[in-house]
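Q:
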Amino acid sequence: MVPTDLRYTKDHEWVRVDGDEATIGITQYAADQLGDIVFVELPAPGKTLDQFATFGVVESVKAVSDLFAPLAGEVTGTNEALTASPELVNGDPYGEGWMLRLRVANHDQLDDLLDPDAYDALVAAG
Amino acid sequence: MNAAAEVTVQNTPLAERHAALGARLIDFAGWLMPVQYRSIIEEHRAVRGRVGLFDLSHMGELFVEGPEAGPALARALVSNPVALRDGRAQYSMICAPDGGVLDDLIVYRLAETRYLVVANASNALLVSDALAERIQGFKAVLDDGSLATGLVAIQGPRSIDVLGPRTDVDLASLRYYAIAEGHVDGIDALVARTGYTGEDGFEVFVDWGRTVDVWDGLLPAVEEAGGLPIGLGARDTLRLEAGMPLYGNELDRTINPFEAGLGRVVKLDKAGDFVGKAALEKAAGAPLSRKLVGLTMEGRGIARHGYPVFAGERRTGTVTSGTQSPTLESAIAMAYVAPGDAEPGTILEVEIREQRIPARVVALPFYDRRNPPADG
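Sequence lines, in order, name chains A and B. Letter by letter, the first sequence follows residues 1 to 126 in my numbering. Letter by letter, the second sequence follows residues 127 to 502 in my numbering.
Next comes the structure, spelled out in structure tokens:
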């Protein structure tokens, strides 16, 4: 069961909204599928993202995967610990392995995301 | 997975073992193979530091037998298997008439009249067909043993301690690139001191149906020595650190052995003609159009297969393989570049997602077990 206080994309990102601030990362399922994560590339603060736009990449030993913004907004911060320790994404994807903070542009976009039950079903279906 | 793929994908004799170990399985060259059991990095480090066990049963084992088996192979391949002594092996290639590499191979001389050629899984059928055609007219026959022969590799500094007690082959006197007939856990086996990891290690050829027994005997011993089963993911990072080419990346039909830095394998002066000789003689005397180099990334980013390489504003070449090196803990790559840009120390740039990231040309290999990196 995935954390119940989050919303999810079909591409396996999660978002936690607190007021106007959204925190974004990838799910445990995504981290497990990628395997050992060795590189995370994130945008500079100030950049404005559209909903579902590519905001960066995550690389495992073998593969490169794009990251997609669950919500539109302006980047207010990134997890700089991932530069030296990208493996935090494998170890604690919903906590220390967070990636991005956004100022939410439009709260209605949360309705376009999966709730925990729907995301669980997506993962279960493979 | 679609229905067509399900029909064509083949299982090695160890498929059930991989599934039971929780391996992530992928379709590799038509075979369902473990890419990792738990972690590519952990598996990689197990082989560098201790020992790892690999299922390589997907590879092609082609036996060439008969009084003219040696000369037949000398005609078919670029190396000279006739020059091998019994029980010794050589790295070789099979080339097209235009000198392009069809596959890279290991040739083992089991006896004067019996050779074993090991081909990559992705090329096994092509090599089998080409050998069958090229040895016509010689007193030699091809026995394609690919689906009758299992292959398990045990690699890493502890491999001799793990395999030694389980075999009657005298491993201490088995030299690098040598092979001996014997037994492993009482099962008929060919034991070779070869591998694709940059570590000491062995490859064990056994009957397809007995492969699972050999694996079941070796795996607990490997684990007791602090080792792990190893998937294709770590096999790739291990060979890349060791600067070894992978067919489909550093080698393909459009590349000749000289460009790949493997000209030493081509024996232009051996007796008789061989397929590709005229083209390779010309290539040996001509200036190279490109050269395979090692790169270490000087900026943030991992170069990957297919990424463009620049010298200033000039496109100089293309990355063939790249990864984050678990041993060096930095990004490494191999690339073909213009010969003038191939000198170690040269700073080039790799284009990664529309950004140019500096990379330094370095001598291969990245990792040499006889000269390991300072403790890290």
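Note that beta-carbon positions come from the ideal geometry of N, C-alpha and C, so glycine has one too.
Got a sec? Which residues, its chain only, sit under 8 Å from B:LEU147 by beta carbon, not counting five neighbours each side?
A: The residues are PRO160, TYR163, PRO355.
Q: Of all the options B:LEU394, B:ALA298, B:GLY343, B:GLY357, which has the alpha carbon lying nearest to the alpha carbon of A:VAL61?
A: Checked all of B:LEU394, B:ALA298, B:GLY343, B:GLY357; the closest Cα to A:VAL61 is B:GLY357.
Q: Less than 8 Å separating the beta-carbons of B:VAL190 and B:LEU297?
A: Against a cut-off of 8 Å, the Cβ pair of B:LEU297 and B:VAL190 comes out as no contact.
Q: Anything in chain A within Cβ reach of B:ARG479, meaning under 8 Å, just list it in chain order.
A: Ordered by position in chain A, the residues that pass the 8 Å Cβ test against B:ARG479 are GLU41, VAL57.
Q: Under 7 Å Cβ-Cβ, which residues of chain B neighbour A:VAL64?
A: Simply ARG430.
Q: Could you check the C-alpha separation between B:VAL317 and B:HIS309 for me, to the nearest Å?
A: The straight-line gap from Cα to Cα measures roughly 8 Å.
Q: With 16 as the cutoff for other CB atoms within 10 Å, does B:ARG430 come out buried or exposed?
A: When all chains shown are included, B:ARG430 counts as buried.
Q: Pick from B:PRO197, B:ASP326, B:TYR241: whose alpha carbon is nearest that of B:ARG214?
A: The option with the nearest alpha carbon to B:ARG214 is B:TYR241.
Q: With a threshold of 8 Å on Cβ separation, who are the neighbours of B:ALA457 within its own chain once the five nearest residues in sequence on each side are excluded?
A: Excluding residues within five positions, the ones whose Cβ falls inside 8 Å are THR422, MET423, GLY427, ILE428, ALA429, GLY448, THR449, GLN450, SER451.
Q: Where B:GLY226 and A:ARG7 are concerned, what is the direct C-alpha to C-alpha distance, given to the nearest angstrom?
A: In a straight line, the C-alpha of B:GLY226 is about 53 Å away from that of A:ARG7.
Q: Taking contact to mean at least 3 C-beta pairs separated by less than 8 Å, is the stretch 84-95 of chain A in contact with the stretch 20-38 of chain A?
A: With a cut-off of 8 Å, the stretch 20-38 of chain A and the stretch 84-95 of chain A count as touching, because enough Cβ pairs lie within range.
Q: How many Å lie between A:ASP115 and A:ASN79 at the Cα?
A: Straight-line Cα distance between these residues: approximately 24 Å.
Q: Taking the Cβ atom as the reference point for each residue, do B:ASN206 and B:ASP229 lie within a distance shorter than 8 Å?
A: Result no, Cβ atoms of B:ASN206 and B:ASP229 do not sit closer than 8 Å.
Q: What does a CB cutoff of less than 7 Å around B:LEU377 pick up in its chain, not counting 5 residues either side in sequence?
A: Excluding residues within five positions, the ones whose Cβ falls inside 7 Å are VAL227, ASP230, PRO371, ALA386.
Q: Which residues share a DSSP beta bridge with B:GLY178?
A: In DSSP, B:GLY178 forms a bridge with B:GLN281, B:LEU354.
Q: Short of 8 Å Cβ to Cβ, which residues in the stretch 363-397 of chain B face chain A?
A: Within the stretch 363-397 of chain B, the qualifying residues are THR363.
Q: CB-CB under 8 Å to B:ARG201, same chain, minus the five flanking residues each way: which ones, in chain order?
A: ARG260, ILE261, PHE264, GLY398, ASP399, PHE400, VAL401.
Q: At a Cβ cut of 7 Å, what residues of the stretch 11-40 of chain A count as close to chain B, listed as they run along the chain?
A: Those would be GLY35, ASP36, VAL38, PHE39, in chain order.
Q: Three-state secondary structure (DSSP) at B:TRP334?
A: Correct three-state label for B:TRP334: helix.
Q: A:LEU88 and A:VAL58: beta carbons closer than 8 Å?
A: Result no, Cβ atoms of A:LEU88 and A:VAL58 do not sit closer than 8 Å.
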